[in-house]
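**Student:** Just passing along the structure, written as structure tokens.
2 protein chains.
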Amino acid sequence: MRSISKSTLQRLPIYLSFLKQHCDSEFVSATVISKALSLNDVQVRKDLAAISSSGRPKVGYCRCTLILELENFLGYNDNENAVIIGVGNLGTALLNYEGFEQYGLQVIAGFDIDESKIDEKRKIFHISKLKDLCKRLNIHIGIITVNVEQAQLCCDELVDAGITAIWNFAPTHLNVPSYVHVQRENMAASLAILSRHIKDNKNN
Amino acid sequence: MRSISKSTLQRLPIYLSFLKQHCDSEFVSATVISKALSLNDVQVRKDLAAISSSGRPKVGYCRCTLILELENFLGYNDNENAVIIGVGNLGTALLNYEGFEQYGLQVIAGFDIDESKIDEKRKIFHISKLKDLCKRLNIHIGIITVNVEQAQLCCDELVDAGITAIWNFAPTHLNVPSYVHVQRENMAASLAILSRHIKDNKNN
DNA sequence: TGTTTATCGATAAAAAATTATTTATTTGCA
DNA sequence: TGCAAATAAATAATTTTTTATCGATAAACA
Chain H
21 MRSISKSTLQ
31 RLPIYLSFLK
41 QHCDSEFVSA
51 TVISKALSLN
61 DVQVRKDLAA
71 ISSSGRPKVG
81 YCRCTLILEL
91 ENFLGYNDNE
101 NAVIIGVGNL
111 GTALLNYEGF
121 EQYGLQVIAG
131 FDIDESKIDE
141 KRKIFHISKL
151 KDLCKRLNIH
161 IGIITVNVEQ
171 AQLCCDELVD
181 AGITAIWNFA
191 PTHLNVPSYV
201 HVQRENMAAS
211 LAILSRHIKD
221 NKNN
Chain D
21 MRSISKSTLQ
31 RLPIYLSFLK
41 QHCDSEFVSA
51 TVISKALSLN
61 DVQVRKDLAA
71 ISSSGRPKVG
81 YCRCTLILEL
91 ENFLGYNDNE
101 NAVIIGVGNL
111 GTALLNYEGF
121 EQYGLQVIAG
131 FDIDESKIDE
141 KRKIFHISKL
151 KDLCKRLNIH
161 IGIITVNVEQ
171 AQLCCDELVD
181 AGITAIWNFA
191 PTHLNVPSYV
201 HVQRENMAAS
211 LAILSRHIKD
221 NKNN
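Each protein sequence line maps, in turn, to chains H and D.
Under this note's numbering, the first residue of the first sequence is numbered 21, with each subsequent residue one higher.
Under this note's numbering, the first residue of the second sequence is numbered 21, with each subsequent residue one higher.
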């Protein structure tokens, strides 16, 4: 069960959301899932084998059990706290967005350099308070929503504050110590893929 | 040059942002880029070969040329218009966010079912006006920021309105005709990877 | 009870992506 | 001019990921 591949890990939340939305049947087979999601059935089975052992021939997987196993594996049940650096447009949205809670992520504070943005009632603090708060509340996840120019600086602050996992919305590479994991939310890449599709459509 | 791989396509914006930030030298080699971004140098060279032919032995690539080639390839120079469905927290942020313009994406209108959210001055319209507007302005890209329950419905509306590329922020699978491309912004997956990293850290 | 069928799980094959190696080219310099 | 160094480009090897195949198992049903 050790070392699950990144591609598998990315598909697990998709399975989970499918299972939650299609609550009618008690048992679900990999075949059904794969068809609904336009994937290969062996792939689904393999992915699920990595986190579950409740599959039964001819029957499939017990939906409820599978949901629980997925949620546990994905950490939706053990709540993690996170902080955001950069309370601009995107940062504010993420700070107020309640959708992450269902994934076990609680964004508990935002930080910014800009004094005018600080509003402690709304949990927005000056960046000078970052380290103290992270240490005190034992926070491991930091979200970067500043611009490209400030991203590395903020990243260093986060690392200094004891953060070990960074969710980076700035379209840039970050240098971090090897024990820190950086997850790039690569919106530029998504856009690139989209616009490529449009272009290809036009040329064919 | 035909058929560039998805993984390559995802790395191109990273190269571009690196090149733009490090403007000092006239020429850049794949070796330099790979080291700065912690990638394999052959991989960088291969990726760049797909979109450029300006690499010269002993010299590298002309930075400016490469930037232009990347921008052109990624479509940053031909502006595309897009609409958003779902003007909640995230939708509003994206609607107001100006950062996408640099990627050639102009979000020109938001749509919602909720009458109370409609504010035509702020370019937020009722969903009933979607099709007309898309057809009139020849819009190809739609962004979905509604919740899971409504996502497929909105998706169908977009397809009906002539959209051929969908950027889906709802954590769910969408069924579309084969000519429509869906790009899932898989935040749940990112979170899964992050929280897995935290978990692994704790267990080791 | 035996047969059929759907499905899992394991193994094998194929395809794709990454990394290593070799070759050729260009520049700088003795 | 000739040699050394840096690097792109081509090719080969390796690894990873995806897809296909096959055997085993459990349920349904005659």
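Glycine included, every Cβ here is placed at the ideal spot set by N, Cα and C.
Please work out which residues of its chain come closer than 6 Å, Cβ to Cβ, to residue 153 (chain D), disregarding the five sequence neighbours upstream and downstream, and give them in chain order.
**Tutor:** So the list is empty, once near-sequence residues are dropped.
**Student:** Compute the Euclidean distance between the alpha carbons of residue 67 (chain D) and residue 113 (chain D), then round it to the nearest angstrom.
**Tutor:** Each residue's Cα considered, the two are about 33 Å apart.
**Student:** So, with DSSP's three-state summary, where would you put residue 42 (chain D)?
**Tutor:** Coil, per DSSP.
**Student:** Just the chain D side, please: which residues come within less than 7 Å of residue 191 (chain H) by C-beta, in chain order?
**Tutor:** Within 7 Å Cβ-Cβ: 33, 37.
**Student:** Hey, is residue 63 (chain D)'s beta-carbon within less than 8 Å of any beta-carbon in chain H?
**Tutor:** Judged by the 8 Å Cβ criterion, residue 63 (chain D) is not in contact with chain H.
**Student:** For residue 70 (chain H), go through chain D and note every residue whose CB falls closer than 9 Å to its CB, in chain order.
**Tutor:** Result: empty, since nearest Cβ-Cβ is about 12 Å, beyond 9 Å.
**Student:** Which of helix, strand or coil does DSSP assign to residue 93 (chain D)?
**Tutor:** In the structure shown, residue 93 (chain D) sits in a helix (DSSP, three-state: H, G or I).
**Student:** Measuring only the C-alpha atoms, how far is residue 90 (chain D) from residue 44 (chain D)?
**Tutor:** One C-alpha to the other measures close to 18 Å.
**Student:** Grouping DSSP H, G and I as helix and E and B as strand, with all else coil, what is residue 58 (chain H)?
**Tutor:** Residue 58 (chain H) falls in the coil class under three-state DSSP.
**Student:** List, from N- to C-terminal side, the beta strand (DSSP E) runs of 3 residues or more that fit wholly inside the region 188-216 of chain H.
**Tutor:** For the region 188-216 of chain H, whole beta strand (DSSP E) runs of length 3 or above, ordered along the chain, are 201-204.
**Student:** Name the residue from H:173, H:170, H:40, H:108 whose alpha carbon lies nearest to the alpha carbon of residue 136 (chain H).
**Tutor:** Checking every option, the nearest Cα to that of residue 136 (chain H) belongs to H:108.
**Student:** How many whole angstroms separate the CB atoms of residue 223 (chain H) and residue 203 (chain H), which I take to be in contact at a CB cut-off of 8 Å?
**Tutor:** 34 Å between Cβ atoms; not a contact.
**Student:** Run down chain H in chain order and give the residues with a C-beta less than 7 Å from the C-beta of residue 81 (chain D).
**Tutor:** Those do not exist, as residue 81 (chain D) stays about 18 Å from chain H at its closest Cβ, beyond 7 Å.
**Student:** Report buried or exposed for residue 200 (chain H), applying the criterion of at least 16 other Cβ atoms within 10 angstroms of its Cβ.
**Tutor:** Under this definition residue 200 (chain H) is a buried residue.
**Student:** Which residues bound the alpha helix (DSSP H) around residue 179 (chain H)?
**Tutor:** Taken as a continuous stretch (DSSP letters only), the alpha helix (DSSP H) holding residue 179 (chain H) covers 168-180.
**Student:** Is residue 221 (chain H) helix, strand or coil when you go by DSSP?
**Tutor:** The answer is helix: DSSP assigns residue 221 (chain H) an H, G or I state.
**Student:** Identify whether residue 50 (chain H) lies in helix, strand or coil by the three-state DSSP scheme.
**Tutor:** Residue 50 (chain H): helix per DSSP, three-state reduction.
**Student:** Would you be able to state if there are at least three C-beta pairs under 8 Å between the region 22-40 of chain D and the region 206-214 of chain H?
**Tutor:** Yes: at least three Cβ pairs fall under 8 Å.
**Student:** When the distance is taken between beta carbons, is residue 47 (chain D) closer than 8 Å to residue 81 (chain D)?
**Tutor:** Yes, Cβ-Cβ distance for residue 81 (chain D) and residue 47 (chain D) is below 8 Å.
**Student:** List the residues of chain H whose Cβ lies closer than 9 Å to the Cβ of residue 227 (chain D), in chain order.
**Tutor:** Summary: the structure shown does not reach residue 227 (chain D), with chain D confined to residues 21 through 224, and so no result is reported for it.
**Student:** Measuring straight from C-alpha to C-alpha, what distance separates residue 49 (chain D) and residue 53 (chain H)?
**Tutor:** Straight-line Cα distance between these residues: approximately 46 Å.
**Student:** Quick check on DSSP: helix, strand or coil for residue 130 (chain H)?
**Tutor:** Residue state, collapsed to three classes: strand.
**Student:** What in chain D is Cβ-close to residue 85 (chain H), meaning under 7 Å?
**Tutor:** Correct list: empty, because the minimum Cβ distance to chain D is about 19 Å.
**Student:** Between residue 177 (chain H) and residue 147 (chain H), how many whole angstroms is the CB-CB distance? I'm expecting something under 8 Å.
**Tutor:** Yes, they are in contact, since the Cβ atoms of residue 177 (chain H) and residue 147 (chain H) sit about 7 Å apart, within 8 Å.
**Student:** What three-state label does DSSP hand residue 98 (chain D) in the structure shown?
**Tutor:** In this structure, residue 98 (chain D) counts as coil in the three-state DSSP scheme.
**Student:** Can you grab the Cα-Cα spacing for the pair residue 211 (chain H) / residue 123 (chain D), in whole Å?
**Tutor:** Cα to Cα, residue 211 (chain H) sits roughly 7 Å from residue 123 (chain D).
**Student:** Got a sec: which bits of the region 148-170 of chain H sit with their beta carbon under 7 Å from any beta carbon on chain D, in order along the chain?
**Tutor:** Against chain D - using a Cβ distance shorter than 7 Å - the residues of the region 148-170 of chain H are 160, 161, 168.
**Student:** Check the Cβ of residue 49 (chain H) against every Cβ in chain D and list those closer than 7 Å, keeping chain order.
**Tutor:** Result: empty, since nearest Cβ-Cβ is about 17 Å, beyond 7 Å.
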